[in-house]
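Protein chains: 2
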Amino acid sequence: MITFVVMIQIVLIGGGNLAGHLASVFSKTAGLQLVQVYNRKLDKIKSFEKFTEITDDIHALVKADLYFICVSDIAIIEVSRNLPHLNGLVVHTSGATPLSVLNTHTQRGVWYPLQSFTTHRVPDFKEIPICIESHNPQDLQLLKQVAELISNAVYEIDSNQRMQLHLAAVLVNNFVNHLYYLGFDFLEQHQLPAQILFPLIKETAMRIHEVDPYDAQTGPAKRGDIPTMTRHLNLIEDDTQKALYKLISHSITQTYGKKL
Amino acid sequence: MITFVVMIQIVLIGGGNLAGHLASVFSKTAGLQLVQVYNRKLDKIKSFEKFTEITDDIHALVKADLYFICVSDIAIIEVSRNLPHLNGLVVHTSGATPLSVLNTHTQRGVWYPLQSFTTHRVPDFKEIPICIESHNPQDLQLLKQVAELISNAVYEIDSNQRMQLHLAAVLVNNFVNHLYYLGFDFLEQHQLPAQILFPLIKETAMRIHEVDPYDAQTGPAKRGDIPTMTRHLNLIEDDTQKALYKLISHSITQTYGKKL
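So, in structure tokens, the structure goes:
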């Protein structure tokens, strides 16, 4: 008896953090087959050899169902235009880039995993929201199929929504991380250990599952406690940080002043 | 045989969230005895009757080892001054208030639990950093003893350090929560569910255990990606939020421009 197993064949283009994590998860997912990884510089993707064939020759790309462009946002257009004609679906993985930059490809889409990837932390893809987009229903179906094989949270989102989502992600990830940095920096300057803030950071982040941040807001700005805010401002030496403290406090005051 | 059990007797002054959580944890901790709760308005502390005796008569305070002032920051001085002479250690529980506001009391200290308390979430006190201060070694010892009975993270911290810590806590709790609110608000305006951001928020918060926020920073401001920042700014309608996006991005740029 001959059994036909449908395997979705995938080529990865790029050699960064995201490409690495995708190569790893695609390789171990039944139903997916990572058939090649391409990068302009071969030495950057040596570590991918444990998963599949690697190449630095753009004209040697093998036939596949899906080509994942995993390069930095500014490089997507150029990489996309340099691709030869491909008989498959070409997608990028960027939150901040519209689908239209792939216009030279007949089959095109977006497959955006909404998470912050770093080299050393292995992500649990089951939890990561995958945001997919394509104008062609069949292509969208393929993107959905791949997304659902590795994640429990798949969203169909258009380019406008994805840009909003990316902006929101910058606020809750990049900007929040910068506030962590500033907080830890204040502590270090005064011989206090960073870990004293860990439980507070955890509680603040986990509380969103139960309480809307609008209702969870506390602090001197929320209650209009000017003496405390003045004391805080006197502790801040850097002008940018002083301005930041004032502006976020103002934004909080405005939020509750408006809606109360 | 007679066994003497040393019990530290405690009176709580105040009827808010923190008073409620402290009453609960003190009541179930061996070695501690909550002997009374005082509040100016008796109806506000009716729910404390399940723990101990309650009173609204400041002159009826019973004898205790420790008097915990758990009122809002602005009310501490007034409450402290209105207290009769007490034969015990008087402490406040505020991060933003110096020890010196208790100067009318011979025995005085600070017992500051660094966490954000809300009514409906029961805190795990074992994890909450307790920051203690007193000029008197014996009083400090008593504060330490009480803190160590309920928490694994006890820190001796002076009033200057505590103010710095409180500032840092405002950044990573109040300000971060406001960024969560703004992010969720953008999503809501574009028919996207808030929970799509939950895994990213969790990852950002938990990563601090492994990676210093300075090294973990990513995003358009960090990499000087002006096209993406411009697109984001065009999505933001509110002037304060636009200014906030610019200023935090500037602070990130400044942080890495300086140190690179």
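Just so you know, the protein sequences line up as chains G and Z, in that order.
Every letter in the first sequence is one number past the one before it in our numbering, and letter 155, counting from 1, is 156.
Every letter in the second sequence is one number past the one before it in our numbering, and letter 2, counting from 1, is 3.
Where a beta carbon is used, it is the ideal one built from N, C-alpha and C, also for glycine.
Taking the continuous alpha helix (DSSP H) assigned at residue i, which residues delimit it?
i	result
F187/G	V177 to Q190
R224/G	P221 to R224
Q165/Z	S160 to A170
V26/G	N18 to S28
L234/Z	I227 to L236
F199/Z	F199 to M207
A217/G	P214 to A217
Would you report the Cα separation of residue i and residue j, rounded to the nearest angstrom?
i	j	result
E204/G	Q116/Z	8 Å
V173/Z	D239/G	18 Å
T107/Z	E128/Z	31 Å
I77/G	V38/G	16 Å
D57/G	C71/G	15 Å
L234/Z	P124/G	30 Å
R232/G	R109/G	55 Å
I11/Z	L84/Z	15 Å
L261/G	T120/Z	Unreliable positioning characterises L261/G in this predicted model, as indicated by a pLDDT of 43, which lies under 50. The coordinate reading is nonetheless provided below. Looking at the two C-alpha atoms, the distance is approximately 20 Å.
Q139/Z	E50/Z	31 Å
H167/Z	Q190/G	14 Å
L13/G	G21/Z	56 Å
P99/G	A24/G	24 Å
V91/G	Y68/G	5 Å
A222/Z	E211/G	31 Å
V102/Z	P228/G	14 Å
I59/G	N40/G	8 Å
V7/Z	A31/Z	10 Å
L236/Z	G258/Z	26 Å
Y156/Z	Q192/G	12 Å
Q218/G	P200/G	17 Å
If you measure between the beta carbons of residue i and residue j, is that distance less than 9 Å?
i	j	result
S135/Z	T105/Z	no
R265/Z	R224/G	Nothing can be reported for residue 265/Z: it is not among the residues displayed for chain Z, which extend from 2 to 261.
L198/Z	A244/G	no
L1/Z	L87/Z	For residue 1/Z there is no data in the structure shown, the boundaries of chain Z being 2 and 261.
A170/Z	G184/G	yes
G89/G	I46/G	no
V36/G	A65/G	yes
I158/Z	Y113/Z	yes
L144/Z	T94/Z	no
F52/Z	S28/Z	yes
T241/Z	H251/G	yes
L33/G	I9/G	yes
A195/G	I202/Z	no
F118/Z	V26/Z	no
D226/G	I75/Z	yes
What is the residue span of the beta strand (DSSP E) that residue i lies within?
i	result
E157/G	V155 to E157
L43/Z	Per DSSP, L43/Z belongs to no beta strand (DSSP E) and is neither H nor E.
L13/G	I9 to I14
If you pair each beta-carbon of the segment 170–189 of chain Z with each one of the segment 158–177 of chain G, do three or more pairs fall below 8 Å? Flag = yes, the segment 170–189 of chain Z and the segment 158–177 of chain G touch.
At what residue ranges does the segment 59–144 of chain G contain a whole run of the alpha helix (DSSP H), taking only runs of 4 or more? You should have 77–83.
Is there contact here, the segment 146–159 of chain Z with the segment 146–153 of chain G, by at least three beta-carbon pairs under 8 Å? No: fewer than three Cβ pairs fall under 8 Å.
At a cut of 8 Å, does the segment 156–164 of chain Z reach the segment 130–147 of chain Z through at least three beta carbon pairs? A contact is defined here as three or more CB-CB pairs under 8 Å, and the segment 156–164 of chain Z meets this definition with respect to the segment 130–147 of chain Z.
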